[in-house]
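In what follows, a structure is listed as structure tokens, so that the remarks can point back to it.
In my numbering, the protein residues as written are 2 to 75.
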């Protein structure tokens, strides 16, 4: 989170984040990114998932939707 804020404060126009995009509650990258962006660019996440799906069928689950329920503890 600190690195994201630092990039925003430095005036970066583009910040690329990686990792932490699964469905585990410890995967915080999407939530942290949403806290510092002005707006989301529609279609980017969908395009990345579509590309990933060509390589691995489970890639469609790679990014949690906003405000999703935490996974079952089972």
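Just so it is clear, CB atoms sit at the ideal spot from N, CA and C, and this is done for glycine as well.
Source: prediction; values computed, not measured.
C-alpha distance - residue i paired with residue j, whole-angstrom precision
i, j, result
"residue 31", "residue 41", "11 Å"
"residue 29", "residue 10", "21 Å"
"residue 36", "residue 54", "27 Å"
"residue 2", "residue 25", "18 Å"
"residue 51", "residue 45", "10 Å"
"residue 13", "residue 27", "26 Å"
"residue 20", "residue 39", "21 Å"
Proximal residues to residue i (C-beta, below 7 Å), its chain only, five neighbours per side dropped
i, result
"residue 16", "5 and 8"
Contacts around residue i, its chain only, beta-carbon distance under 6 Å, and the 5 residues preceding and following it disregarded
i, result
"residue 18", "30 and 34"
task: Starting from the N-terminal side, write out each stretch of the alpha helix (DSSP H) that is 4 residues or longer and does not extend beyond the segment 21 to 56.
output: 30 to 37 and 45 to 56
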